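Visitor: Would you mind keeping the following structure in view while I ask a few things?
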Amino acid sequence: MKVSSLRKQQGFTIIELLIVIVVIGILAGLVLNAFGNIQERARDTERQNDINALHTALELYYADNGYYPAALSDLNVNAESLEGPNAETYNFATTASCTTLAGNCAEYTLNATMETDQDDDGDVDASDVFARDSLNGNPGSL
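Numbering-wise, this note's numbering puts 631 at position 8 of the sequence shown, and it's gapless, one number per residue.
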């Protein structure tokens, strides 16, 4: 009786398994990178929506009172809308002598720094900011 020394090959070789693991790792890295960019864009969209909602609230305040508030906290809005998705505050600038009590706030600029437009040079420039100016006054003068 002769015993066959050849066996049927079952399973995968180490090389085949390593190739599959490397391919899965590369695909997972690409998916995670794309997911991070999607999250940044979603936070930027939330910032833009917040700025637009605050802009509308400020214009309604002006229509009711004839002047803008000196601070965003003077608006009757949800406190959560005064902060961005990472709990950063939005920039609200009025003229230096503006006070709500005096009723002399005639213009404002409201803006938020975006994540996806950030340059890697560390400088914040006009392309990194989403801004809305008051409809009354001189836009961009503050």
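Note that the Cβ used here is the ideal one computed from N, Cα and C, for glycine as well. For clarity, every value in this text was computed on a predicted model and none was experimentally measured.
By Cβ distance, which residues of its chain are closer than 6 Å to Arg-755, with the 5 residues on each side in sequence left out?
Guide: So the qualifying residues of the chain are Ile-674, His-678, Leu-733.
Visitor: Report the three-state DSSP secondary structure of Val-700 (helix, strand or coil).
Guide: DSSP places Val-700 in coil when its eight states are reduced to three.
Visitor: For the alpha helix (DSSP H) containing Phe-753, name the first residue and the last one.
Guide: No alpha helix (DSSP H) contains Phe-753, which is instead part of the beta strand (DSSP E) from 752 to 756.
Visitor: With the cut-off set at 8 Å, would you say Ala-676 and Ser-704 are in Cβ contact?
Guide: Yes.
Visitor: Residues bridged to Phe-715 by DSSP?
Guide: DSSP output for Phe-715 lists Leu-733 as bridge partner(s).
Visitor: Determine contact between the stretch 631 to 649 and the stretch 705 to 717, defined as no fewer than three beta-carbon pairs at a distance below 8 Å.
Guide: Taking 8 Å as the limit for Cβ pairs, the verdict is that the stretch 705 to 717 does not touch the stretch 631 to 649.
Visitor: Sort Cys-728, Pro-708, Asn-656 by Cα distance to Ala-694 and report the nearest one.
Guide: When each option's Cα is compared against that of Ala-694, the closest is Cys-728.
Visitor: Compare the C-alpha of Gly-659 against each of Glu-738, Val-752, Leu-724 and name the closest.
Guide: Answer by Cα proximity: Glu-738.
Visitor: How long is the line joining the alpha carbons of Ile-649 and Glu-706, rounded to whole angstroms?
Guide: The alpha-carbon atoms of Ile-649 and Glu-706 are separated by roughly 37 Å.
Visitor: Counting only the same chain and skipping the five closest in sequence on each side, list residues whose C-beta sits under 6 Å from that of Thr-722.
Guide: The answer, listed in chain order, is Ala-693.
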